[in-house]
Amino acid sequence: MVTRVSALGAVVTAVLLATASGASAAGSAILAEPGPLDRLSAPVGLTAVGLGLVGMLAGVFRKKKVQPENQRKS
Numbered sequence: 004m005v006t007r008v009s010a011l012g013a014v015v016t017a018v019l020l021a022t023a024s025g026a027s028a029a030g031s032a033i034l035a036e037p038g039p040l041d042r043l044s045a046p047v048g049l050t051a052v053g054l055g056l057v058g059m060l061a062g063v064f065r066k067k068k069v070q071p072e073n074q075r076k077s
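Under the numbering used here, the residues of the sequence shown are numbered 4 to 77, in order.
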């Protein structure tokens, strides 16, 4: 449950940061024309956040293997 809450918090934080950076960039004057690498920074960042969230979810739902020496003898 804690991991689900922290994953939701990470999504909310990422959305707020993306919105805040977009709002601050809209109000400032453009000093230089962005290059091709600058145009890719937002999609690359969002992809990294998305893959991180998918990895966290996969870790939460992963079925853990029990080693034979750690099994309870019943």
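Positions of the beta carbon are idealized from the N, C-alpha and C atoms, including for glycine.
| query | result |
| --- | --- |
| Excluding the 5 residues preceding and the 5 following L43 in the sequence, name in chain order all residues of the same chain whose CB lies nearer than 6 Å to its CB. | none |
| Is the distance from the Cβ of L56 to the Cβ of V14 below 8 Å? | yes |
| Are V47 and A17 closer than 8 Å when you measure CB to CB? | no |
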